[in-house]
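Same order as they appear, the protein sequences are chains U and S. Just so it is clear: in the first sequence, position 101 is 101 by our numbering, and no numbers are missing. Just so it is clear: in the second sequence, position 16 is 1016 by our numbering, and no numbers are missing. Quick reminder that beta carbons are idealized off the backbone N, C-alpha and C, glycines included. Remember, predicted model here, so these are calculated numbers, not experimental data. Written below as structure tokens is the structure these notes are about.
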Amino acid sequence: MIEIIFWGRGGMGAVTAGKILSDAAILSENYPHVSTFPSFGTERRGAPILAFCRISDEPIWVRSHIQKADYAIVLDETVFGDNVITRIKDGGALILNTFKCPEDIRKEYGIDPAKITVVTADLTQIAFDLNLTNQENQPIVNTSVLGVLAQSSLKINIGDATQAIINMFGEGQKTDLNIKAAEQAAKTAQVDEVKV
Amino acid sequence: MPERKVITGNHAAAYACKSAGVEVVAAYPITPQSPVVEKISEFVESGELPNTQFVCVESEQSAISAVIAASQMGCRVFTASSANGLAYMYELLCWAAGSRLPIVMCIATRALGAPWSVWTDHQDAFSVRDVGFMQQFVESNQETYDTVLMSYRVAEDPRVYLPAFVSYDGYILSHTTMSVQIEDDDKVREFLPPLKHHLNLTDFDNVHSVNPVTPPGLTIRPEGNTPGYYEFRYSMQKAHEYSIEIVEEVAKEFGEKFGRYYGNGIYKSYQADDAEVLIFAVASVASESRGVVDTLRNEGLKVGLISLKLYRPFPIEHLRKAFSKAKLVVVFDRDVGYGVEGILCAELKTALYAAENRPKIRGFVVGLGGRDITADQLIGGVKLAVQEQEIPEVEKNTHVEFIGVHLEELGFKKEEF
């Protein structure tokens, strides 16, 4: 069973990202069992939000929050810190939306290269470049992050990710833009050299 | 063709209504139930449920009143609620059961206020245990979908004619996305044929009144005596007793048709055959316990699980059999019978009172108001129960220990607890 936690802020679509990921996991046929849920707060815009996603080739019975994640995905750098780092399993990965490179993040936060793989992608910039924004002109980053995940060691490819995005939003111009962002993110994501 | 969808528990319930071809739906939104009726209203709006009428109402009391009325007209009906909304329905729930209407309704379980909470526990579901509805608990979204279909079959069985609740954990299932197989409509129709109702008030050739004031005694009439309230209620109790068999029969038929079995339809057992210690729980607590069983087995403790599916009627005979070989039963309640102990714990004690080879029973309260229940907490409970099983005082006491209550962090001293 693979455990994934999304960090974001209310309105960014962390919960939706988890749902799209679980659909992509099913489509990949590598993970027929999924369980995805938000941290169940009285969610509101701008507040820090967690979403949990479990995918597995066996039935999933555990219903509690994920304490430590195989993949920690941070959509907004302002909610990132030790609160995230301490919840990544040894051998797990951090995927962070930032303009910085993995090495800088590692140095800044003192992340042990033997324990955590750091992946960064500037999803915010990708969104602005493509004019992929919501009604409040906020960049949309919860779909492009799927592209980064498709490049990770997860057995989910970019085709599964894009199909899951289509399943969620239907065909259309905006959906195409989301897919383009995911592809762009997959291409430009940086993984630190220190591979565990 | 069956279709695999990645959906929440609320949407699984909505799809079950669609598959069942419900004719009238009335509901009032409350967290965490709202998305189930929102989805059904989408189906109606988009034309996917062309023969369904969605009635917008101003309260839960009106919602249940509307489906009672529609059910009396011979329609297959659905509603859903949670916590305080469910409590607001209480009077009419008794009315639905007393009228023997095959209403199926979902409870997305949630803690009852006060203090105000939107998170899950099972207090709301247990609080309506005596209204006369049947009640089943589920562990997954697929089980929600399947159990709604099975509940219609049982409720509409002429040997039963009782309303039924399907209770799934708020948030933990209601808002959790899982993979669910939605069955082909024609195949569902074979399993669940159109409703043949005992009541149809639109049958104007046979006009009769329903539920007039019914005196304590029989009413003696030349054309035949009519029952008193007492006889009506006796027949309701008998229908409950009889329905256990029907639930089992329907679950078996469902399994044969769709390939999915939930134990014997009454309870699901996990590693129970040779278990010396059995965990007894429902819904989310039961599914969390499966991993607990694995962990404790790895440590060499012979632990198993009985996950109760059918809560009302309470399957006493089945439970006596299920627990006949265990030495110790550990009950985890996500509810409290205030002033006594966990409701499930108390009921199991009642059920096993006259059993031969009665095991020791130890109960704990967990996870009220959505407090996260971790495997470690449950493991701690089982280990404590095992450790203290020979202490007579522990066996005799009522069991009201709350696992994971943080009093020390609030500045209380241990001896003040």
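CA-to-CA distance, residue j to residue i, given in whole angstroms
i         : j         : result
S/GLY1291 : S/GLY1047 : 43 Å
S/TYR1171 : S/VAL1207 : 45 Å
U/ASP57   : S/GLU1143 : 19 Å
S/ILE1433 : S/PRO1315 : The shown model of chain S, from 1001 to 1417, leaves out residue 1433 of chain S, and the question about it has no answer.
S/ASN1010 : U/GLY13   : 19 Å
S/GLU1395 : S/VAL1330 : 11 Å
S/THR1374 : S/PRO1193 : 42 Å
U/GLU77   : S/ALA1070 : 54 Å
S/SER1151 : S/ILE1068 : 17 Å
U/ALA181  : U/VAL15   : 18 Å
S/PHE1402 : U/ALA93   : 36 Å
S/LEU1092 : S/ILE1182 : 32 Å
S/SER1019 : S/ALA1096 : 23 Å
U/LEU130  : U/ASN142  : 14 Å
U/ASP112  : U/GLY81   : 14 Å
S/ILE1220 : S/ARG1004 : 58 Å
S/VAL1250 : S/ALA1322 : 20 Å
Cβ neighbour criterion (16 or more within 10 Å) applied to residue i
i         : result
U/PHE52   : buried
U/TRP7    : buried
U/LYS107  : exposed
U/ARG63   : buried
S/SER1167 : buried
S/GLY1367 : buried
S/LYS1484 : One cannot answer for residue 1484 of chain S here, as it falls past the ends of chain S, which runs 1001 to 1417.
U/SER28   : buried
U/ALA47   : exposed
S/LYS1039 : buried
S/LEU1407 : exposed
S/CYS1056 : exposed
S/ILE1107 : buried
S/LYS1268 : buried
U/GLY18   : buried
U/VAL196  : In this prediction, U/VAL196 has a pLDDT of 42, which is less than 50 and means its spatial position is unreliable; what the coordinates show is noted afterwards. Classification of U/VAL196: exposed, given that the 10 Å Cβ count is below 16.
Any chain U beta carbon closer than 8 Å to residue i
i         : result
S/HIS1011 : no
S/HIS1406 : no
S/SER1287 : yes
S/VAL1426 : Since the displayed chain S opens at 1001 and closes at 1417, residue 1426 of chain S lies outside it and no answer follows.
S/ARG991  : The question about residue 991 of chain S has no answer, for chain S in this structure spans 1001 to 1417.
S/ARG1290 : yes
S/MET1284 : The residue asked about is misnamed: residue 1284 of chain S is Ser in this sequence, not Met. So, interface residue.
S/PRO1002 : no
S/VAL1006 : yes
Chain S within 8 Å of residue i, Cβ atoms only
i        : result
U/PHE6   : no
U/LYS155 : no
U/THR162 : no
U/LYS19  : yes
U/SER152 : no
Residue i Cβ short of 7 Å to the ligand COA heavy atom set
i         : result
S/SER1062 : Absence of the ligand COA is noted for the structure shown, with no ligands found whatsoever.
Give, in chain order, every residue of the region 1094 to 1122 of chain S whose Cβ lies closer than 7 Å to some Cβ of chain U. VAL1118, TRP1119
Could you tell me which uninterrupted alpha helix (DSSP H) segments, each at least 4 residues in length, are contained entirely in the region 1215 to 1271 of chain S, listed from first to last along the chain? 1229 to 1258
Could you name each continuous alpha helix (DSSP H) segment of 4 residues or more that falls completely within the region 1031 to 1082 of chain S, going from the start of the chain to the end? 1034 to 1046, 1060 to 1072
Identify each residue in the region 1361 to 1387 of chain S for which the Cβ-Cβ distance to at least one residue of chain U is less than 8 Å, and report them in chain order. GLY1370, ASP1372, ILE1373, THR1374, ALA1375
Taking the runs of the beta strand (DSSP E) that are 3 residues or longer, which of them lie wholly in the region 1263 to 1325 of chain S? 1267 to 1270, 1277 to 1282, 1303 to 1308, 1310 to 1312
Members of the region 9 to 40 of chain U near chain S, C-beta cut-off 8 Å: GLY18, LYS19, SER22, ASP23, ILE26, PRO32, HIS33, VAL34, SER35, THR36, PHE37, PRO38, PHE40
Along the region 1170 to 1191 of chain S, where does the CB come closer than 9 Å to a CB of chain U? Name the residues. GLY1170, TYR1171, ILE1172, LEU1173, HIS1175, THR1176, THR1177, MET1178, SER1179
For the region 41 to 71 of chain U, enumerate the residues whose C-beta is nearer than 7 Å to any C-beta of chain S, in chain order. THR42, TRP61, VAL62, ARG63, SER64, HIS65
What residue ranges within the region 1321 to 1393 of chain S form continuous alpha helix (DSSP H) runs of no fewer than 4 residues, ordered along the chain? 1343 to 1352, 1375 to 1387
As an exercise, report each continuous alpha helix (DSSP H) stretch of at least 4 residues that is fully enclosed by the region 45 to 96 of chain U, in chain order. 82 to 85
Residue ranges of each alpha helix (DSSP H) run of no fewer than 4 residues wholly in the region 1138 to 1186 of chain S, ordered along the chain? 1141 to 1155
Hey, which unbroken runs of the alpha helix (DSSP H) at 4 residues or more fall wholly within the region 130 to 189 of chain U? 144 to 150, 158 to 169, 173 to 188
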